[in-house]
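Please read the structure below before turning to the comments.
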Amino acid sequence: MLAPFFPPAERELDMLQLTLLVFLPAIFALILLVWPSRFREGMRWLALFGAAGTLAVALCTLVDYHRLLDSQSDRDTRSLYHPDTRLDHRADEALERTATNRSFLSDDLIVRRPWVSKFDVDYALGVDGISLALVLLTALVTFFALIASWKIETNLRGYLILILILESGVLGAFLSLDLFLFYVFYEVMLMPMFFLIGLWGGQRRKYAAIKFVIYTLVGSVGLLAAIISLYTVDVRDFVPQETARAKVRQVQRAHQDWNTEQVNAQAEVHTFDAQTLSKVGQAVMLVLSGQEDRLTTRDSKANTPNSVPLFAPGVNREAAIAHLKSQSICTPTHQYILFALLILGFAVKVPIVPLHSWLPDAHVEAPTPISMILAGVLLKLGGYGLLRFAFPICPWAADQLSWYVGLIGVIGIVYGALVAMGQTDFKRLLAYSSVSHMGYVVLGLACWSSGTKSEYWQWGVNGALFQMLSHGITSAGLFFVVGVIYDRAHHRDLDRFGGLKEPMPVYSGLSAILFFASMGLPGLCGFVGEFQVMLAAWNYCWFLGTLSMLATILTAGYLLWAWQRVFLGVNPLTAKYPDVSAREATVLIPLAILTVILGVIPGLAVFQWTEPSVTGWIENLSKLKP
Amino acid sequence: MFNPFDFAEHPGRAYLVATLLPLIPVLLLLFAATIRNMARSRSGTDSFASRIYWLFGGDQPLKTGGTLSILFLLGSFGLSVWGLLQFHEEAHTYHDFPQEFATRWSERGDWLRIGTSKTIRPATALEIGYHIDQLTALMFTMVTGIGSLIFIYSLGYMKRETEDTVDDHVAHTTRRGRFGRFYLYLSLFAFSMLNLLIADNLFQIFVGWELVGVCSFFLIGFYYERKSASSAANKAFLVNRVGDAGLLIAMAIAFASFGTLNIQELGGRIGGSQPVELSHGLWILMGLGLFLGCVGKSAQIPLQTWLPDAMEGPTPVSALIHAATMVAAGVYLAGRCYPLFAPEVFLTIAYCGLITMLVSASIALVMTDIKRVLAFSTCSQLGMMMLALGIGAWTAGLLHLLTHAFFKALLFLGAGSVIHGCHEEQDLRQMGGLRRKMPVTAYTMLIGVLAISGMPFFSGWYSKDQILSAAMGASLSNHLHALLFLGPLLTAGLTAFYMFRLWFLAFAGEPRNRTVYNHARESPWSMKWPLIILALGSIGVAWGWPLWDAEASYLGHHLHEAEPILNHPAFSHAHILAEEYHVVAGGLALLAGVLGAGYAWSRYGRHAPTAAQLQEPRGLLAKRWYFDDVYDFVFLRGTQKLAEQAASADRSSPERPRRFTLDGAMSGLASLVQRGGHALRRTQTGQVRQYVLVLVLTLIGLLGMLSVLAR
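Top to bottom, those sequences are chains A and B. Reading the first sequence from the start, the letters are residues 1 to 626 in the working numbering. Reading the second sequence from the start, the letters are residues 1001 to 1711 in the working numbering.
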């Protein structure tokens, strides 16, 4: 049916799938735009249907990805772990095919099409375990957020459209392989969120929305600066040589009077491709740490287990190293600044202390479903950015500064927990608990110990990724818990609740699961990530490790005191509250069940398909250190 | 495919099944409770919902839940008895094939695995598994056995909870009965505790450790309408978290140094002498971390304050969790991790146990609440076990753990029977003469009192005698540690005194409060039978032949087979001395017990004191040596103050106005930029443009900086 539109060489099924995954919510937003306003209830169902469709496509992608992992098997490695299935390998393959005009692979879950050729911007999407985990989380949380939005009445159409566009933006950001495309999606998210807080929020919504935008923009500026400076890097030795030669021909055509040297000097290849740039970053790390003899080309016959093949096949190794050294990217200052800019960009989203001030305001003012998305999904972009871009692109600076990054994480953990303990507003308490929990993500990523003990770092990174997932589920659930009680009490003052366990037993039971999951109780999802991060952190630095372990006492403290104030005791004011409605149970029960599943069988449920990607990530980076 | 019922090849899997059995009622009860409560809130309007509600018992609490839980736990008990017998048999038949024996009785597998390698490398897996030895087998049978008795006992004790509405006289409110919920928590506890016992690695122990903690939290706070109960629950959980942090540190050290958390492997690598992988300091720290976990769970000083408060929970809970099983898990873990400890850690364990033993026993002397006396007695007895472990008397300490479980469960259930019979009266000063009203309770409790006081031929005598002789050996081998013998000796006397005081005050003499006495009644048979069975256990569980030889205890012999072999010279020397002075130590202990009991008789038994003679206790002991007050002031208030300070330093609020806050500083920075923008443009055309301008300016600035610096 689609055949007439696609010439055989471009018939690529996964392109359809991934594009659909990203833009399906936006398509439904478009339908909503023209939906007759008479069918008001239909709007909600339509939006929900869109989110459900996206979730379904995401699940199909999970199945596809699993099949992709399974398609290669090797006697020496565990199944699902074949190096050829890793994202960087597939991305290289796709680049190669683009350069040589060969047909695209339909089953590699990589999409690459030129978008803005003048600036070498590609429409590049790709799936691996890391992004897929967060894509699934996004689809899931948005779906539940839409169920939670059933009570929204004012300007319903606009609200639903904005949420769906937001989802498209987030999904696009998680799937982008191209930095420019990532930036576009990253900014696309900003405006829906601004309006969702600013129009549907509480009393100080305008203040909160503007604060959110300013903080995020400051981060974005750092990101944009980093991306632009990365674009200035000449990557001709890292891309397929066909691309480099094409560039040379292009320059020759433009300046026919130039000699070869002039042409070669001018024929710089620039890219926004994150995988290529991360190769540059790794090469820089080797050069800066005096290990340039390990750098080789990918097709070199002399490759040993010790060598790091980063240059493209057919490149002259010595010339390439000399060329790399002559660029400013290969200076410590440039690396430090680049890393700092990327950290700034993503740190606002994580958020780290002291850039967290926007979060409590945004949460307190945002309506419940928006808080769910904010805590459940948007914060993860920060962690994802660190994992996908900051660390691989600037490994040298990341390694040099890893202790400070870890310290930032620990400060977030302890400070967030302490401030949370001093809150009287239920939502604000949860907002600060997010700061605390996301600190484990930063800490886990930072545990870059020596190359020989890389398995501990691997625990840290796995833990960080899992912590993002589990925090996404528990925080979305907990914000909904607050929403449920806010609908009944119309306030969020912890000191005025109490005694909810008796009138609302189901609600209390489900909340208990989410509370204890957030507290890191074994058997529930919060424990898995935190425990892994703690093991890694101790091995990295006893000081950071100990602090992160002692912080569990504070976490238990603020959550238990909140639990006592909200659910226990006797309170005549709350004694007549009705228990959860069917709609509310539809949100809470699946989330509670998920926390249990992820806590009991994290290996089967998550790690079996995320861990191969993390292993690849670790193997790329940890071998850079002797 | 993994077949959990393959008992012929892997008899150890019986324990696995027995562990998982109590989870079934948990899931059933959770499911039923959710449906029932969802239906309840709709039953007024929706006929289908009301039919469902009726199907699940209507307003009546889930009574079948109790029976179900009991049946499944009895199933576990049956399996564990079969396992115990099988284990003993195979311990002989497979004596010469240790390898096969190990594969039959232990298995392990990955819970999480990282890395590409197919072969097992260090630090790439978190494992789960079970490992059965004499200690596990005996503990498992004890927990399921005593657990079943207490489950049955609770049928009677928690009868009030089966009614539609229950009056809570303390919180002055009426509420629905919570019978099903009680058994839900109990069954979950049983699963977690059994999981902790069969675990072969620290990670799995930690999982069970935290889960029993959370069950204890819910059960202490069972009457959550009462502020005292919910605060006690919080206290228990938080204090335990401090201990758990120690356990986390210990696990991190073990994992970072050895790459495994399997206790057998760790024991093989360390085995009582300093391993090469670890510096001496870290070795000590690891041991101290492990022990801190045990201190928290077993309520040793300095983390002992939660246990007396935990008596806010229903009495069967106090008997099961806070006397017989969960609090003993600390001693169990210390015994399990025996080969991992450095000599300095053993010394710490011994003295920590000593101090706890004496301090708690001294407080128990003056308490007037029947459950508090028993709670402090539990602390004290656990201290005695810790001391035994610290001086190398592994078998004696764990034997005391097993015998103590019987007589302390008996005493608590007896106390529960008294409280139940006297309509929630817990004050000893209001009782007296109750033996005439509740003879079964009175005389079974007397057996418990005799057992805990270490009277000959009762189970407590065998274990206490062994501990005392080991302590004597330890202090004789090094006179610096003379206190390690004098302490337990004094405690033996104190224990006999306060236990007989309890019994005389409650059961002997004349009634001090007529209304209590007149309304008192003997408990139903569902409560009496467990008392009788436990009383029989308290007498004979440690017997051996010849009966008068404390060393001949069969239980002790079986435990001894599991004792880890330690290469610790001080211990072996002490052990020889202990053998030598065995009779002296035993005699002294008996003398101390008799003296204590006699003094209690002369003060409370011969002439029953009147109510006026028993005033409110005051002073250091009644204040529990001021531990609670100091902790409250330093840690609780301190943390809360710190939290408030942090909150107000983060941002100012109407309640906490403050000039300089982190939020304010960031906003100030923003407004500075804003003012700069104003100054640059001198015009104001709306906010969005401003931000775009700021954005562009900053971007230009950053890029400029980059290009200058990077050259």
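Where a beta carbon is used, it is the ideal one built from N, C-alpha and C, also for glycine.
*Using the C-alpha atoms, what's the distance from A/ILE214 back to B/THR1683?*
At B/THR1683, the pLDDT of 46 sits below 50, so the modelled position is not reliable; the number obtained from the coordinates is stated separately. Those two C-alpha atoms are separated by around 20 Å.
*Within 9 Å (strictly less), CB to CB, does A/LEU535 reach chain B?*
yes
*Can you tell me whether B/PHE1140 is buried or exposed, with buried defined as 16 or more other CB within 10 angstroms of its CB?*
buried
_Residue-chain proximity (B/ARG1521, chain A), Cβ-Cβ < 9 Å_ = no
*Assign A/TRP617 to one of two classes, buried (16 or more other C-beta atoms within 10 Å of its C-beta) or exposed (fewer than that).*
buried
_Contact defined as beta carbons within less than 8 Å: I believe B/GLY1268 pairs with B/ASN1201. What is the distance between those atoms, to the nearest angstrom?_
No, B/GLY1268 and B/ASN1201 are not in contact; Cβ-Cβ is about 13 Å, not under 8 Å.
_Continuous beta strand (DSSP E) stretch holding A/GLY290: start and end_ = That residue, A/GLY290, is in no beta strand (DSSP E); it is neither H nor E in DSSP.
*So, does the CB of A/ASN462 fall closer than 9 Å to a CB anywhere in chain B?*
yes
_Tell me the DSSP secondary structure of A/THR19 in three-state form._
helix
_Per-residue contacts from B/TYR1224 into chain A (C-beta, under 8 Å)_ = LYS501, PHE567, LEU568, GLY569
*With a cut-off of 8 Å, do at least 3 Cβ pairs link the stretch 154–168 of chain A to the stretch 385–402 of chain A?*
no
*asked:* Let me confirm a value: A/SER326 is counted as buried when at least 16 other C-beta atoms fall within 10 Å, else exposed. Which label applies?
replied: exposed
*Cβ of A/ARG643 within 9 Å of Cβ of A/ASP128?*
Residue 643 of chain A is absent from the model: chain A starts at 1 and stops at 626.
*For the 8 Å Cβ check, are there 3 or more pairs between the stretch 197–210 of chain A and the stretch 313–333 of chain A?*
no
*Contacting residues, own chain, Cβ-Cβ under 7 Å from A/ARG113 (five flanking each side not counted)*: ASP122, TYR123
_Range of the contiguous beta strand (DSSP E) that encloses B/GLU1127_ = Membership of B/GLU1127 in the beta strand (DSSP E) is indicated by the continuous run 1125–1131.
*B/TRP1105 to B/ARG1013 span [Cα, whole Å]*: 8 Å
*Run through DSSP, which three-state label would A/VAL233 get?*
coil
*Compute the beta-carbon to beta-carbon distance between B/ALA1405 and B/ILE1146, rounded to the nearest angstrom, for a pair I have assumed lies under 8 Å.*
6 Å
*Exposed or buried, A/GLY201, counting other C-beta atoms within 10 Å across all chains shown (16 or more means buried)?*
Classification of A/GLY201: buried, given that the 10 Å Cβ count is 16 or more.
*asked:* Comparing C-alpha positions only, which one of B/ARG1051, B/ALA1008, B/PHE1151 sits nearest to B/GLY950?
replied: A query on residue 950 of chain B cannot be resolved here, the shown segment of chain B reaching from 1001 to 1711 and no further.
*Would you kindly report the start and end of the unbroken alpha helix (DSSP H) that includes A/PRO332?*
332–347 is the extent of the alpha helix (DSSP H) around A/PRO332.
*B/GLU1561 versus B/MET1527: straight-line alpha-carbon distance, rounded*: 36 Å
*State the start and end residues of the unbroken alpha helix (DSSP H) segment that holds A/TRP538.*
525–540
_Sequence-distant residues of its chain with Cβ nearer than 7 Å to B/ILE1263 (five each side left out)_ = Here the set comprises ASP1200, ASN1201, LEU1202, ARG1336, CYS1337.
*On the premise that A/THR615 lies in contact with A/TYR186, defined as a C-beta separation below 8 Å, what is that separation, rounded to the nearest angstrom?*
Actually they do not touch by this definition, with Cβ atoms about 27 Å apart.
_Same chain, Cβ closer than 6 Å to B/ILE1715, neighbours up to 5 away in sequence not counted_ = Summary: the structure shown does not reach residue 1715 of chain B, with chain B confined to residues 1001 through 1711, and so no result is reported for it.
*Pick helix, strand or coil for B/THR1368, following the three-state DSSP scheme.*
In the three-state reduction of the DSSP assignment, B/THR1368 falls in the coil class.
*Under the rule that 16 or more other beta-carbon atoms within 10 Å means buried, what is A/PRO313, buried or exposed?*
exposed
*Proximal chain B residues relative to A/ALA585, where beta-carbon distance stays under 9 Å*: THR1034, MET1038
*Just tell me which of A/GLU12, A/PHE426, A/TYR415 has its CA closest to the CA of A/TRP563.*
When each option's Cα is compared against that of A/TRP563, the closest is A/PHE426.
_Between the alpha carbons of A/VAL308 and A/LEU295, how many angstroms are there, rounded?_
5 Å
*Under the assumption that A/GLU584 contacts A/VAL461 (Cβ atoms under 8 Å), give the Cβ distance between them as a whole number of angstroms.*
In this structure A/GLU584 does not touch A/VAL461 by the C-beta definition: roughly 36 Å separates them, more than the 8 Å allowed.
*Among all the DSSP beta bridges, which residues are the ones paired with B/THR1174?*
B/ASP1167
*With 7 Å as the limit, tell me which residues of the stretch 1200–1225 of chain B have their beta carbon closer than that to any beta carbon of chain A; keep them in chain order.*
If you check each beta-carbon in the stretch 1200–1225 of chain B against every beta-carbon of chain A, the ones closer than 7 Å belong to PHE1206, VAL1207, GLU1210, LEU1211, VAL1214, GLY1221, TYR1224, GLU1225.
_At a CB distance below 9 Å, what residues from the stretch 1094–1128 of chain B approach chain A? Give them in sequence order._
ASP1110, TRP1111, LEU1112, ARG1113, ILE1114, GLY1115, THR1116, SER1117, LYS1118, ARG1121, PRO1122, ALA1123, THR1124, LEU1126
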